[in-house]
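Asks: Can you read through this structure? Questions will come right after.
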Amino acid sequence: MDSRVLTITSGKGGVGKTTTTANLGTALAMQGKKVAVVDSDIGLRNLDAVLGLENRIVYDLVDVVEGQCRLRQALIKDKRLPELYLLPAAQTRDKNAINSIQMEQLCQQLRQEFDFVLIDSPAGIEQGFRNAIVGADEIIIVANPEMASVRDADRIIGLVEAAGKPEPRLVLNRLRPEMVRRGDMMDVADVIEVLSIELIGIVPEDEMIIVAINKGEPIVYEKRSRAGSAYINAAQRIIGKEVPLEEVEEAPTLMERLRRFVGIGPSMTEKRVRS
Amino acid sequence: MGMEDTSENNLSEAQSNLEREEKQSVQGNIAIKGTRNGLLLTLEPETPFSELLNALSRRLSEAPGFFRGASLALDTTRRNLRISERTQLEALLAKYQMSVTPLEQTPTAKHNEREVISASDIGSDPSIATEITSEQTQAQAYLLDPRDSDDTLFLRRTVRSGQAIHHASSIVILGDVNPGAEIVASGDIIVWGVLRGMVHAGYPNNENAIVCSLVLSPVQLRIAHLLSRPPDGFQVQARPEFATIKNGQIVVEAWVNGHGRTGRK
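Order-wise, the sequence lines are chains V and S. Counting from 36, one number per residue, gives the positions in the first sequence under the working numbering. Counting from 429, one number per residue, gives the positions in the second sequence under the working numbering.
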């Protein structure tokens, strides 16, 4: 069975691991894959809320590991997609409630049932992180285009390699094209130069994500959202489809289009050369 | 110069485990013991080196988490290593981000001062052990300019944040050295790539050592006992450069056709 276990991790907190896990999982399920998303952030669970499933939790990951329930009892079926399931984290325990061996066994169990298992890793490099990656075939790193996040991502890549896993791939999250254009934010090339790993997604900063999280609806359902379509494209790349990387330029404003029409100001092609 | 932050807990855990298993750990002709000063590797004198290396490789792969980032002292009271053997050993250890401390005699042998320092800081900083023993080891192992020996460590990869490479001779890296990484060599450091991390060449006091890289942009650059960092507002030069000690300070110059040689004495 060619099921794949992917861990989404970052080192630094707050870069969008959980959002990325929820959206990649949803996008993969929309492609007809059978997907389990696993929240391994024991004690600080959020994935359930992002998916809008928090009120359905009866059993959790720790219950499964400790044998309090069967795996199937703990898996929560998504509201919309019949092939998407969530295995929530325990909220009243901590990262040391499970060990690496138990986590690996759990991944093996999940493999039997699903095409894709996506594990949302906690921030940090301690036991919680080690548990999250131990059973993974592939690692996806989420980073923001800022120094602290890139440095932490670099640290994580080193730890992932030392753990004998294949080279991780990168989702660059919360890119702000207008800041990049002003030269106030690292651009895609800057980040790749340091991390030198394969990029599978560029997700622009998007206010709609915050609304989506509050509503418990992944942004991939929102057709107008650029972040949503970026996640859908990233999911395509995970499946192995060739999709060109997102254009980082923002859609030109009305004023810019007007100027261009009149023939003053930088042309679109000139700006693309820069990025 | 801190060791890997993650390794400290692992190491003390590993040590207590190892102390408990001390007897059983003598397998495959190698023994790794946890001592007060860190890990001590003893090699069986009669066994061929390749077998010892295999045994060690197996042992490390059994518990990579325990050993990662640790520094290992080599007990040579029963077996001495040739330079080529030592290089192979260090290459194997480098995979686990481990390093050999130049502590060539058993750590329990002498020096109460050493125990005082390391006891509060078990195994967390290889540089302490190195510094304290440096006088003795200098006299023994590094009488010659380290660059004249052939046990250069060659690495073909990106050295990333949190990874520390310590080596008793020169180090050549084919790849980048990223911020948060640490490279310490008794000889030269050559980076065929972008150097953004911390490097210390000529550790601890070899003033002839040089650092060179395709793009020299270190957080901090040290040679022998001197330390320098890029001035504020420093603009990275996208050209090969090298750093040497001239007139008692670290000087960085462009690497122009053969010019680098003048850096050597």
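C-beta: ideal position from N, C-alpha, C; glycine also. Predicted model only: the values in this text are computed from it and were never measured.
1) Tell me which residues share the same chain as S/E563 and place their Cβ nearer than 7 angstroms to its Cβ, disregarding the 5 neighbours each side in the sequence.
2) I'd like the span of the alpha helix (DSSP H) that includes V/D74, first residue to last.
3) I believe S/L583 touches S/I593 by the beta-carbon criterion, under 8 angstroms. Please report the beta-carbon distance rounded to the nearest angstrom.
4) Does the beta-carbon distance from V/M138 to V/P180 come in below 8 angstroms?
5) Using 10 angstroms around the beta-carbon of V/T56, count the other beta-carbons present and answer buried if the total reaches 16, otherwise exposed.
6) Out of S/S614, S/R667, S/R486, S/V643, state which residue places its alpha-carbon closest to the alpha-carbon of S/Y524.
7) By how many angstroms is the C-alpha of V/V40 removed from the C-alpha of V/V70?
8) Below 7 angstroms on C-beta distance, what does S/R496 contact in chain V?
9) Please decide whether S/P607 counts as near chain V, where near means a Cβ-Cβ distance under 8 angstroms.
10) Cβ of V/T55 less than 8 angstroms from any chain S Cβ?
11) Indicate the three-state DSSP secondary structure (helix, strand or coil) for S/T580 in the structure shown.
12) Over the uninterrupted beta strand (DSSP E) stretch that includes S/C640, give me the two end residues.
13) Checking the sheet assignment: what are the DSSP bridge partners for S/H628?
14) Using a Cβ-Cβ cut-off of 6 angstroms (strictly less than) and excluding sequence neighbours within five positions of S/T515, which residues of its own chain qualify?
15) In the DSSP assignment, the alpha helix (DSSP H) including V/I160 goes from what residue to what residue?
16) Cutting at 7 angstroms between CB atoms, please list the residues of its own chain near S/L520, excluding the five before and the five after it.
17) With respect to the alpha helix (DSSP H) encompassing S/L488, which residues constitute its N-terminal and C-terminal limits?
18) Assuming the contact rule is C-beta atoms closer than 8 angstroms, V/A270 and V/V238 should be a hit. Round their C-beta distance to whole Å, please.
19) State the Cα-Cα distance for the pair V/L110 and V/D219, rounded to the nearest angstrom.
20) Considering only DSSP beta bridges, list what S/Q677 is partnered with.
21) Whole angstroms are fine: how far does the CA of V/V177 sit from the CA of V/G199?
22) Just to confirm my understanding: we take V/C104, look at its own chain, exclude 5 residues before and 5 after, and list those with CB closer than 6 angstroms. What are they?
23) Quick one: residues in its chain with C-beta nearer than 6 angstroms to the C-beta of V/E240, no 5 flanking neighbours on either side, listed in chain order?
24) Are there three or more Cβ pairs, one per stretch, closer than 8 angstroms when the stretch 166-175 of chain V is compared with the stretch 141-158 of chain V?
25) Does any CB atom of chain V fall closer than 8 angstroms to the CB of S/D604?
26) The alpha helix (DSSP H) with V/N58 in it runs from where to where?
27) For S/E559, which residues in the same chain have their Cβ closer than 6 angstroms to its Cβ, ignoring the five residues on either side in sequence?
28) Does S/P492 get closer than 8 angstroms to chain V when you measure Cβ to Cβ?
29) Give a yes or no on whether 8 angstroms exceeds the smallest Cβ distance from S/G661 to chain V.
30) Would the beta-carbon of S/P668 fall within 8 angstroms of that of S/L642?
31) Run through the DSSP bridge pairs and tell me what V/P239 is partnered with.
32) Would you identify the three-state DSSP class for S/A459, choosing helix, strand or coil?
Replies: On the basis of the data shown:
1) No answer about S/E563 holds up, because its pLDDT of 36 lies below 50 and its placement is not dependable.
2) From DSSP, V/D74 is part of no alpha helix (DSSP H) but of the beta strand (DSSP E) over 70-74.
3) Right, the Cβ-Cβ distance comes to about 7 angstroms (below 8 angstroms), so this counts as a contact.
4) no
5) buried
6) S/R486
7) 10 angstroms
8) A197
9) yes
10) no
11) coil
12) It spans 639-644 - the beta strand (DSSP E) in which S/C640 sits, taken as one unbroken run.
13) According to DSSP, S/H628 bridges with S/V612, S/R650.
14) D579
15) Premise fails: V/I160 is in no alpha helix (DSSP H) and is neither H nor E.
16) L481, L484, S485
17) 477-490
18) Actually they do not touch by this definition, with Cβ atoms about 12 angstroms apart.
19) 44 angstroms
20) S/K674
21) Their Cα atoms are separated by approximately 20 angstroms.
22) Y94, D98
23) R209, R211
24) A contact exists between the stretch 166-175 of chain V and the stretch 141-158 of chain V.
25) Interface annotation, S/D604: in contact with chain V, CB-CB separation under 8 angstroms.
26) From DSSP, the alpha helix (DSSP H) with V/N58 extends over 52-65.
27) Because the pLDDT at S/E559 is just 34, under 50, the model does not fix this residue reliably, and the point stays unresolved.
28) yes
29) no
30) yes
31) V/L210
32) strand
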